[in-house]
Amino acid sequence: MVDAGRDNVEGMDDLRIRPATTADAPAVRRVVAAAFGDDDPGARHGVADLVTALEVSGHVRSSLVAEADGQVVGYVQLNHSWLDARERLLDVLVLSPLSVTPARQGEGIGTALVGAAIADADTIGAPALFLEGSPRYYGARGFTRAVDLGFGRPSTRIPDPAFQVRLLATHEPWMTGRLVYAEPFWALDCVGLRDPDLAGLEATPAT
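Here the working numbering is used: the sequence shown runs in plain steps of one and ends on residue 196.
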């Protein structure tokens, strides 16, 4: 696990990234729910529920909080999934969710959490770290379009640009194939986008 101490983010001496504890659970849930709009009556599902379901099912491999002034202001989780490679089924990691409390977004906290998560993924020994997210945001933080490297999306509802990967130190050239999410992602409908959101995104010109 990573404890980045007090100088993880330049200009933010109060920020500390550390492993989450059981006592952090209520604060983590609040941060994730606020970041993903779980409290919105029109929300399709609760990402905070996914955090709990992955913990209960034993798929969590790393769980980190960002703490500032004694308060949890960010959270990131690394979860176990599989890569259906030609040679054999491989254990890989998925970064989900990454959350920063809305009042502190844009300050570099998310970047710090992503960096700590990548370091943890390397320490764990996974060959690859996958995620769904903004190619602009995550591309600037070391991720690349997974389909361009021969990886298959776990769902057709994940747009190609949003399906991203970071290859890690133990990756070998034969380690390609389709990503297979852990069951809680499917049970809580937390994979990709459904219409009309998906149709709207597909109709948006690429930039």
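Just so it is clear, CB atoms sit at the ideal spot from N, CA and C, and this is done for glycine as well.
Bear in mind the structure is a predicted one, so any value in this text is a computation, not a measurement.
Three-state secondary structure assigned by DSSP to TRP163: coil
Cβ atoms of ARG142 and PHE132: under 8 Å apart, would you say? no
Alpha carbon of ASP80 to alpha carbon of THR165, nearest angstrom: 12 Å
Based on DSSP bridge pairs, tell me the residues matched to ARG155. LEU118
In angstroms, rounded to a whole number, what distance separates the CA positions of ALA32 and LEU182? Unreliable placement is indicated for ALA32, whose pLDDT of 49 sits below 50; no coordinate value is reported for it.
Quick check: the region 86 to 98 against the region 155 to 169, are at least 3 beta-carbon pairs closer than 8 Å? no
With a threshold of 8 Å on Cβ separation, who are the neighbours of GLY189 within its own chain once the five nearest residues in sequence on each side are excluded? none
So VAL169 and SER46 are in contact, right, with Cβ under 8 Å, and what is the actual spacing, rounded? Incorrect: roughly 15 Å between the Cβ atoms, too far for contact.
From the DSSP output, in three-state form, read off GLY95 for me. coil
Let me confirm a value: SER123 is counted as buried when at least 16 other C-beta atoms fall within 10 Å, else exposed. Which label applies? exposed
Between which two residues does the alpha helix (DSSP H) harbouring GLU56 extend? From DSSP, GLU56 is part of no alpha helix (DSSP H) but of the beta strand (DSSP E) over 49 to 57.
DSSP on LEU102, reduced to helix/strand/coil? helix
So which of ARG7, ALA117, ASP109 and ASP58 has the shortest CA-CA distance to ARG93? ASP58
Among the residues of its own chain, which have a CB less than 7 Å from the CB of LEU102, if the five just before and after it don't count? ILE6, LEU53, ALA55, GLY63, VAL65 and LEU87
Under the three-state reduction of DSSP, which class applies to ASP184: helix, strand or coil? coil
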